[in-house]
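The next block holds one structure in the form of structure tokens; read it before the comments.
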Amino acid sequence: MQRRRFVLSVFVTTVLATLSNASNLITMPIKNGFITHSGEARNGKHLTMKGVTANTLDMKIGSADTDGGLAVFEQIGKSPNGGPPLHIHADQDEYFHVLEGKYRFQVGEQHFPASIGDTIFLPRGVPHAFIQLTDHARMLVTYQPAGDMEAFFQETAQWTLPPSKEEVARVFRAHGMEVVGPPLQVE
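Each residue of the sequence shown is one higher than the one before, starting from 201 at the first, in our numbering.
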């Protein structure tokens with residue numbers, strides 16, 4: 201009888217411990233919709249990148265809005281012939297929808313031209329980069345899950361001097377990405 205009681209208590213304790221952690225796996229449904237108008241940022245802050253690009257990012261849907269599920273930014277391209285270094289997101293898929301202008305993307309070994317109306321998917325764990333090919337460009341950028349991208353963009357917007365390659369790599373790494381190559385060049 202003692203053995204049965206012991207086994208039962210171990211089983212119940214294990215189940216209760218598992219259930220106490222289950223709340224971390226369950227996301228609360230979003231109860232209220234919202235709109236972020238054209239030209240506005242959800243948090244009221246237009247982030248102008250410094251160092252890697254000179255683009256402006258407006259958060260349209262934030263991590264807090266989706267319990268970390270995704271983040272969506274509108275990127276206003278102000279960096280003709282510029283873009284981020286080749287990098288990897290270990291834990292996030294990324295996709296872009298071009299609203300204006302032209303870009304070229306590298307995803308793994310593949311290169312894709314992208315223009316108005318095109319959508320490109322960049323899976324997690326695959327090296328990728330893009331280059332803006334026109335003077336003006338604009339696209340929606342989505343990260344799923346949201347990860348630490350809001351903090352990454354906020355940090356890079358604070359740079360006052362062009363960062364060294366080492367500083368760029370350090371900041372990417374601090375926000376869950378790894379720089380694995382230089383930015384793309386115009387062909």
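No residue lacks a Cβ here, since even glycine has one placed at the ideal position from N, Cα and C.
C-beta atoms of residue 331 and residue 383 nearer than 8 Å: Their beta carbons are under 8 Å apart, which means residue 331 touches residue 383 by this criterion.
Residue 338 versus residue 247 - alpha carbon distance: A straight line joining the alpha-carbon of residue 338 with that of residue 247 spans about 14 Å.
Beta-carbon proximity list for residue 278, same chain, < 6 Å, skipping 5 on both sides: Cβ neighbours of residue 278 beyond the five flanking positions: 254, 255.
DSSP three-state assignment for residue 371, whether helix, strand or coil: Correct three-state label for residue 371: helix.
Alpha-carbon to alpha-carbon, residue 387 and residue 341: Cα-Cα distance, rounded: 24 Å.
Distance, residue 345 Cα to residue 372 Cα: Computed Cα separation, rounded: 17 Å.
Integer-rounded CB distance, given that residue 286 should sit under 8 Å from residue 313: Taking C-beta atoms under 8 Å as the contact rule, residue 313 and residue 286 fail to qualify, at a distance of about 17 Å.
Contact test: residue 373 Cβ vs the ligand ATP heavy atom, cutoff 7 Å: Ligands are entirely absent from the displayed structure, and the ligand ATP is therefore not among its contents.
Cα-Cα separation, residue 292 to residue 343: Distance between residue 292 and residue 343, taken at the CA atoms: about 6 Å.
Proximity winner among 250, 270, 264, 288, relative to residue 193 (alpha-carbon distances): Given a span of 201 to 387 for the chain in the structure shown, any question on residue 193 remains unanswerable.
Backbone secondary structure at residue 315 - three-state DSSP: Three-state result, residue 315: strand.
DSSP-derived helix/strand/coil call for residue 335: Looking at residue 335 - three-state DSSP - the assignment turns out to be coil, as it is neither helix nor strand.
Three-state secondary structure assigned by DSSP to residue 260: Strand.
Neighbourhood of residue 275 by C-beta, 6 Å cutoff - its chain only, sequence neighbours within 5 removed: Result list for residue 275: 255, 257, 339, 341, in chain order.
Spatial distance of residue 324 from residue 290 (CA atoms): Cα to Cα, the separation comes out at about 6 Å.
Exposed unless 16 or more other CB atoms sit within 10 angstroms - verdict on residue 356: Buried, by the Cβ-count rule.
Residue 240 - containing beta strand (DSSP E), residue span: No beta strand (DSSP E) contains residue 240, which DSSP labels as neither H nor E.
Same chain, Cβ closer than 7 Å to residue 336, five either side skipped, listed in chain order: The residues are 277, 300, 301.
Short Cβ contact (8 Å threshold) for residue 265 with residue 230: Cβ atoms of residue 265 and residue 230: closer than 8 Å.
Rounded C-alpha distance that separates residue 309 from residue 329: The C-alpha of residue 309 lies about 11 Å from the C-alpha of residue 329.
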